[in-house]
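Contents: one structure, followed by commentary.
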Amino acid sequence: MSPRRSVAEALGTRSAILERGVAIASCEGLEGLTIGRLAADLGMSKSGVLGHFGSKEALQLAVLDRAGDVFRAEVWERARPAAPGLARLRAICAAWISYLERGVFPGGCFFVAAAHEFDGRPGAVRDSVEAGFETWRARLEKEARRAVDAGELPAATDAGQLVFELLGAAMALNHALQLHRDPLAVTRARQAMESRLGGVA
């Protein structure tokens, strides 16, 4: 076997482990993600799985990173072509709602679930979850400030408050879909976000 093929196979195996890990953690939480469970699901040895990550915490962090890649592709990359400011904020909200409505992760928003699981538990996993939310919040605030500077939102708009409310609407939508299977949830979320992004008349 050539070295190039060995590297490619190793990367393919790692990717398969992460894909399965994301699916498990989405439904059962990051703590439900164990080396033994992954090994059984993928028909591998525990040492084979462990060899790619070294520890359960490293596996959890890698799964978080992979889930972040999925979220960015589903939400940010879909909205990025829109003009900066209000148009992009609206595109972000539309993509965000679609991501939740379509159930991209089988257990709902991966990061809302991870935040509930780890918000009171200090450590590297909690820090990674927090950093992801902070990055997303900062990106939304940047677009909100652009919209204000361009006169698309009222000059008195508090970007931080606006983003707080958009995050709240998205989290409420995730909750309504996952816990209540509420058929009106998507419509309510769209109305909540659009009423906040009404712009300058």
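Heads up: take any position in the sequence shown, counting from 1, add 18, and you land on our numbering. For every residue, glycine included, the Cβ atom is placed at its ideal position computed from N, Cα and C.
The Cβ atoms of L184 and C127 do not sit closer than 8 Å to each other. Check the Cα spacing between D83 and each of V147, T175 and E161: the tightest is with V147.
In terms of Cα proximity to E49, the closest of G39, R164 and A58 is G39.
Beyond the five residues adjoining it in sequence on each side, A43 comes within less than 6 Å, by CB distance, of L51 and V81 in the same chain, given in chain order. The C-beta of A149 has fewer than 16 other C-beta atoms within 10 Å across all chains shown, which makes the residue exposed. Under the DSSP assignment, F136 falls in the alpha helix (DSSP H) whose first and last residues are F128 to F136. Less than 8 Å divides the Cβ of A162 from the Cβ of A177. DSSP, read as helix, strand or coil, puts M62 in coil. The three-state secondary structure of R98, taken from DSSP, is coil.
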